[in-house]
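Down below is the structure, laid out as structure tokens.
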Amino acid sequence: MRALRVLSLTVSVLVVSTMVGLLSEDLFVFGHAKFVGSNIENGKVYKVSELPDRLELLFEGELTPRSQVYVFTVGGTLLVDQGDVKIEKEHEHGGGHEHKSKLSVALNKEKLTDGLYQVRWIAVDGEHNAFVEGGFVFAVKD
Numbered sequence: 203m204r205a206l207r208v209l210s211l212t213v214s215v216l217v218v219s220t221m222v223g224l225l226s227e228d229l230f231v232f233g234h235a236k237f238v239g240s241n242i243e244n245g246k247v248y249k250v251s252e253l254p255d256r257l258e259l260l261f262e263g264e265l266t267p268r269s270q271v272y273v274f275t276v277g278g279t280l281l282v283d284q285g286d287v288k289i290e291k292e293h294e295h296g297g298g299h300e301h302k303s304k305l306s307v308a309l310n311k312e313k314l315t316d317g318l319y320q321v322r323w324i325a326v327d328g329e330h331n332a333f334v335e336g337g338f339v340f341a342v343k344d
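Taking this note's numbering, I'd label the letters of the sequence shown as residues 203 to 344.
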């Protein structure tokens with residue numbers, strides 16, 4: 203019975219993550235900031251102990267303080283982040299002058315119980331004052 207519930211949860215995560223991916227990354231790109239990756243994987247099932255203390259999103263481009271990230275239950279009924287959004291800038295001087303920014307927020311692990319969670323972000327590009335938004339889902343199963 204437990205294996206069936208885990209399988210059901212995994213299938214739900216994959217379906218929702220596919221839908222979110224189709225609706226977020228390709229349709230809502232209005233700026234030059236580009237989402238590169240995250241320390242939480244889209245569609246992955248985690249134990250609470252496996253999750254990092256902070257969700258970190260990496261972008262190409264320099265982000266402004268107007269950028270935001272939220273982590274909440276699918277259905278939007280409960281925020282599970284601490285609301286302490288931080289932006290860290292990293293400058294790389296390799297083949298060009300690429301700017302990278304890390305957008306992060308602390309997770310409230312006491313609120314993370316078994317279920318589906320959605321990450322939504324809006325990144326405002328500092329150079330062009332344009333924005334890009336997107337999101338993904340992950341699951342918790344202890």
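The C-beta atom is built at its ideal place from N, Cα and C for all residues, glycine as well.
Which two residues bound the contiguous beta strand (DSSP E) that contains residue i?
i	result
residue 322	317–326
residue 336	333–342
residue 236	236–240
residue 256	256–262
residue 270	270–275
Please report how far the alpha carbon of residue i lies from the alpha carbon of residue j, in whole angstroms.
i	j	result
residue 327	residue 266	6 Å
residue 337	residue 273	10 Å
residue 276	residue 324	18 Å
residue 270	residue 305	8 Å
residue 245	residue 341	7 Å
residue 260	residue 241	9 Å
residue 255	residue 247	16 Å
Taking 7 Å as the threshold (C-beta atoms), are residue j and residue i in contact?
i	j	result
residue 234	residue 264	no
residue 147	residue 257	As shown, the chain starts at 203 and ends at 344. That puts residue 147 outside it, with no answer to give.
residue 303	residue 291	yes
residue 282	residue 253	no
For the candidate residues the options, whose alpha-carbon lies nearest to that of residue i?
i	options	result
residue 320	280, 268, 329, 239	280
residue 316	287, 343, 282	343
residue 331	243, 322, 268	268
residue 250	262, 322, 309, 286	309
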